[in-house]
Structure formats: structure tokens, C-alpha cells
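Under my numbering, think of the first position of the sequence shown as 37, with each following residue one higher.
Virtual Cβ for every residue (Gly too), placed ideally from N, Cα, C.
As the structure is a prediction and not an experimental result, all values here were calculated from the model.
Following: one structure in C-alpha cells, then a few remarks.
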Amino acid sequence: MLCLWSSSRLLGVACRGVSTVGSQVVWRTLAHRPPFLLVDAVEEHEIGVALRGVKHVVASDVEDGAGAGVLSAAKTLEGAGQSACILVKHIDGLEDSLPVFAGFQNIVYHPNGKLPPLGSTVVYDIVLETIKGARFGLVSATVTDAADPATVYLSGQLQFGFLRT
37 MLCLWSSSRL
47 LGVACRGVST
57 VGSQVVWRTL
67 AHRPPFLLVD
77 AVEEHEIGVA
87 LRGVKHVVAS
97 DVEDGAGAGV
107 LSAAKTLEGA
117 GQSACILVKH
127 IDGLEDSLPV
137 FAGFQNIVYH
147 PNGKLPPLGS
157 TVVYDIVLET
167 IKGARFGLVS
177 ATVTDAADPA
187 TVYLSGQLQF
197 GFLRT
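Here's what the structure looks like:
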């Protein structure tokens, strides 16, 4: 069953099969704000299992200088980390925790160094692999282009920890 969020009291959104959640709900979930917020919406969210987030690359997101006109590799990775935090934030028992992107392993970028260009829509597919004692966890992440899902900008595993709030 696809649900938006595990706790309607947390976000004021009922758990139902609606497919897209906009930026207002994302803003209530993450502490980040533009230009550091790199998830615009959530398209799908199966509580405790998987999440699909999206980012529309606009002028304020792209890097200046060499490689101008693209979302940087660091921001692409950070957007995947923010999507992972949204996924784990809504697992029962973890609603009062602050998930923190803590590291990564086995990260592979596009073989030709291709990064998301201005005007593109980036898709973050996040799948929960493990949570250990409500303290640490691991997700797998794949970042693709919405217009061409065969274009994989990044794939690998992201680690996170929890801070009690």
C-alpha cells in the first residue's frame, strides 16, 4: 500500500493513496530551506520501504564557473540524502528523531561525468536496506533523469544516523 506519511498528526496529511506531495509538506519534514533544499516533491512513498523524490533544476541550483549550467555532483548526492531522510523520518517510532545524512559507500557517478542540466527534473529513488536499533541505517539510492530514466547520474548506498529531538 502506498501512503503519503505514517503519521497524520505529524504533518496534517491523511495516509491515503495520493501519488504526489508538494513542497509545503517537504518543508515541514526537512530542516533545509532553499537554496539548500534539494527535494521539491515526493511522488511515491511506501512507509518504511521506499520513496521517490523529485527536484526541478532551476537557475539558483546550478553551479557557477567550470561545468556551469548543471547541478553539481555534491548537490546531486545531497538531494539523495535529503530524500533518504524523508523516507526514514516517517517510520513509526522515529517521528521524533532527526535523521542525519552521515555518509556514503559504493557511490558511482555517470560514467561520462554527466550531471543534471538546468531545466531537467531529477528523480531520487530511495530504498531502505537496514535500520539498526533506531540509531543508524542504510538506504540504496539511484538518481536518474525524469525525461530519460536510462540516464543514471548517481547510484550507491547512503548512511544515516538519528538525533533525538
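Spatial distance of G155 from R200 (CA atoms): So the alpha carbons of these two residues sit roughly 37 Å apart.
C-alpha distance - K168 paired with F198, whole-angstrom precision: Computed Cα separation, rounded: 11 Å.
Beta-ladder partner(s) of Q195, from DSSP: Q195 is bridged to G139, L174.
DSSP-derived helix/strand/coil call for E165: Three-state result, E165: strand.
V136 and H92 closer than 9 Å at C-beta: Against a cut-off of 9 Å, the Cβ pair of H92 and V136 comes out as no contact.
C-alpha distance - V106 paired with L87, whole-angstrom precision: The alpha-carbon separation between V106 and L87 amounts to approximately 24 Å.
Run of the alpha helix (DSSP H) containing E114, from where it starts to where it stops: Residue range 109-125 is occupied by the alpha helix (DSSP H) that includes E114.
Touch test, the region 124-131 against the region 167-186, Cβ-Cβ under 8 Å, three pairs minimum: Result yes; three or more Cβ-Cβ pairs closer than 8 Å.
DSSP three-state assignment for S133, whether helix, strand or coil: S133: strand per DSSP, three-state reduction.
Beta-bridge partners of H146, as assigned by DSSP: Listed as beta-bridge partners of H146 by DSSP are no residues whatsoever.
Exposure of P153, with buried meaning 16 or more beta-carbon neighbours within 10 Å: The residue in question, P153, is exposed, as its Cβ has fewer than 16 Cβ neighbours within 10 Å.
Residue range of the unbroken beta strand (DSSP E) whose run includes E79: Counted as a single uninterrupted DSSP element, the beta strand (DSSP E) harbouring E79 occupies residues 77-82.
Residues that D128 bridges to, as DSSP identifies them: None, per the DSSP bridge assignment.
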